[in-house]
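Here the structure comes first, spelled out in structure tokens, and everything after it is commentary.
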Amino acid sequence: MNGVFETKPTTAVNPVDPYLRMDRMPSIWCGGCGIGTTVNCFTRALTECGLDLDKVAIVSGIGCSGRVAGYLNLDSFHTTHGRAIPFATGLKLANPELKVVVYSGDGDLFAIGGNHFIHAARRNIDLLVVCVNNHTYGMTGGQVTPTTPEPAVASTTPYGAFEFPFNLPHLADSCGAVYVARWTTYHVRQIARSMREALCKRGLSFIEIISPCPTLYARRNKLGDGLDAMKYYKQKSVIKKGAPTAGVGIGFQGEIVCGTFIDRERETWIEAYNKRHQAALGARFAPYPTGFVDAKVE
Ligand SMILES: Cc1ncc(C[n+]2csc(CCOP(=O)(O)OP(=O)(O)O)c2C)c(N)n1
Ligand code: SF4
Ligand SMILES: [Mg+2]
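Right under this line is the structure:
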């Protein structure tokens, strides 16, 4: 060196790239949108969880968040609106060896798809459900959803939302989910850790990620850009591990309680099916394979 730093051409690969279908880039997501951040966290969780990626399948519904399955270089299924969970349930039962992840938006999972969620959680189907909650139908122009807080403005509530919104962690908890966590897109390390933990659980895990939609939700509500959303998440988030889920509802621009609220064990649907039929039929019954894929958690 003679005092000058030499710059060499680099062939460094972004560690996220191998997990993505790079031929489909750039993504459709707007600048400042939080969905891509959640995908980055998911790839980190996949790196660390030790699962055989040939045995991981991802299922999305329709929406901006529903595009996630199509961008990930896994066995990906982009299904119809609201039907990701029944599709994923069928996939899991047809091939119990798979670790099946449902990744979709608040509208897809909790409006048209809400009934499927509550029954999958009640039955404890072995799925990880990740909900990107931006409080709106992003893809279709910013309509109100079951999670829009009062009195946020949406295209269908020009004078402000007035319906009681779902508190998603409480819904998941009361329906029997075995793992329930909430983070915002500001909490990238915690999201990755939660995803890794949830990938290792047996039964229905639920992770809610509060995420900005600057183009529709934030613009209509004069909340600024993606960076302003990060400032809000940083200032108004409080981490309360194990907090009772009944108390973690979110008001408009209010406090966001984050953390892992539930981590418990419960018989999965396949285990309960086997137990009941074994008891009733004895040796005449051939048990359904549970096919749980072991992953490592440090
Ligand atoms: C049966 C049916 N009804 C309505 C639609 C229109 N539609 C597409 S995406 C969407 C809402 C998506 O909202 P969300 O799941 O919150 O995803 P986001 O775009 O906010 O990420 C709707 C209503 C559709 N595709 N199919
Ligand atoms: S419309 Fe909203 S949710 Fe959809 S990509 Fe743009 S910022 Fe993201
Ligand atoms: Mg949404």
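For what it's worth, my numbering labels the leading residue of the sequence shown as 291, then goes sequentially.
Virtual Cβ for every residue (Gly too), placed ideally from N, Cα, C.
Closer than 6 angstroms between the C-beta and any heavy atom of ligand 2: which residues qualify, listed along the chain? Cβ atoms closer than 6 angstroms to ligand 2 belong to Trp319, Cys320, Cys323, Ile325, Cys354, Asn424, Gly428, Met429, Cys503, Pro504, Thr505, Leu506.
Whole-number beta carbon distance between proline 502 and glycine 493, since they are thought to touch under 8 angstroms: Here residue 493 refers to the residue found at position 203 when the sequence shown is read from its first residue. Here residue 502 refers to the residue found at position 212 when the sequence shown is read from its first residue. Between proline 502 and glycine 493 the Cβ distance is about 30 angstroms, and since that is not below 8 angstroms, they are no contact.
Contact test: histidine 460 Cβ vs ligand 1 heavy atom, cutoff 6 angstroms: Stepping through the sequence shown from its first residue, residue 460 is reached at position 170. Outside the cutoff, so no.
Own chain partners of arginine 510 with C-beta closer than 7 angstroms, once the 5 adjacent residues on each side are dropped: Stepping through the sequence shown from its first residue, residue 510 is reached at position 220. Close CB contacts of arginine 510 within its chain, under the 7 angstroms cut and outside five residues either way in sequence, are with Gly432, Val443, Ala444 (chain order).
Pick helix, strand or coil for histidine 368, following the three-state DSSP scheme. Here residue 368 corresponds to residue number 78 of the sequence shown, with the count starting at 1. Look at histidine 368 here: in three-state DSSP terms it is strand.
Beta-carbon gap between proline 459 and threonine 550 smaller than 7 angstroms: Residue numbering aside, residue 459 sits at position 169 when the sequence shown is read from its first letter. Residue numbering aside, residue 550 sits at position 260 when the sequence shown is read from its first letter. It is not a contact, given that the beta carbons lie outside the stated cut-off.
With distances taken from CA atoms, which of Tyr578, Ala482, Phe575, Thr558 is nearest valine 329? As a working mapping, residue 329 is identified with position 39 in the sequence shown. The residue with the shortest Cα to Cα distance from valine 329 is Ala482.
Just how far apart, CA to CA, sit valine 538 and alanine 302? Counted from its first residue, the sequence shown places residue 538 at position 248. Counted from its first residue, the sequence shown places residue 302 at position 12. When rounded, the distance between both Cα atoms is 42 angstroms.
Cβ-Cβ distance between isoleucine 325 and serine 355 below 7 angstroms: For the purposes of this step, residue 325 is taken as the residue at position 35 of the sequence shown. For the purposes of this step, residue 355 is taken as the residue at position 65 of the sequence shown. Yes, the pair counts as a contact, with Cβ atoms nearer than the cut-off.
Under 8 angstroms by Cβ, that's how I've got isoleucine 499 and asparagine 423 pegged, so tell me the actual separation to the nearest angstrom. In the sequence shown, the residue the question calls residue 499 occupies position 209. In the sequence shown, the residue the question calls residue 423 occupies position 133. The Cβ separation is near 7 angstroms, so the contact holds.
Of the residues Arg556, Thr337, Lys521, Trp319, which one's Cα is nearest the Cα of valine 468? Locating residue 468 in the sequence shown gives position 178, where the first residue counts as 1. Closest by alpha carbon: Arg556.
Quick one: does the C-beta of histidine 567 sit closer than 6 angstroms to a heavy atom of ligand 1? Residue mapping note: residue 567 aligns to position 277 of the sequence shown, counting from 1. Result no, Cβ not under 6 angstroms from ligand 1.
C-alpha gap between glutamate 387 and isoleucine 415, whole angstroms: Taking the first residue of the sequence shown as position 1, residue 387 is located at position 97. Taking the first residue of the sequence shown as position 1, residue 415 is located at position 125. If I take the Cα positions, the gap works out to 13 angstroms.
Per DSSP, which one or two residues make a beta bridge with glutamate 498? For the purposes of this step, residue 498 is taken as the residue at position 208 of the sequence shown. Per the DSSP secondary-structure output, glutamate 498 pairs in a beta bridge with Cys421, Arg472.
Tell me the rounded alpha-carbon separation between threonine 333 and lysine 521. The residue labelled residue 333 in the question sits at position 43 within the sequence shown. The residue labelled residue 521 in the question sits at position 231 within the sequence shown. Each residue's Cα considered, the two are about 24 angstroms apart.
Does any heavy atom of ligand 3 sit closer than 6 angstroms to the C-beta of threonine 333? Here the question's residue 333 lines up with position 43 in the sequence shown. Every heavy atom of ligand 3 is 6 angstroms or more from the Cβ of threonine 333, so no.
Leaving out five residues on either side along the sequence, give the residues of the same chain with a beta carbon under 7 angstroms from the beta carbon of glutamate 588. Locating residue 588 in the sequence shown gives position 298, where the first residue counts as 1. For glutamate 588, the predicted structure reports a pLDDT of 43, less than 50, and the residue's modelled location is therefore unreliable. A value from the coordinates is still provided. If the five residues before and after glutamate 588 are omitted, its C-beta is found closer than 7 angstroms to no C-beta atom of its own chain.
Contact test: isoleucine 375 Cβ vs ligand 1 heavy atom, cutoff 6 angstroms: Position 85 of the sequence shown, counted from the first residue, corresponds to residue 375. In this structure, the C-beta of isoleucine 375 stays at least 6 angstroms away from each heavy atom of ligand 1.
Extent of the continuous alpha helix (DSSP H) run through cysteine 339: Stepping through the sequence shown from its first residue, residue 339 is reached at position 49. If you look at cysteine 339, you'll find it in the alpha helix (DSSP H) that goes 325 to 339.
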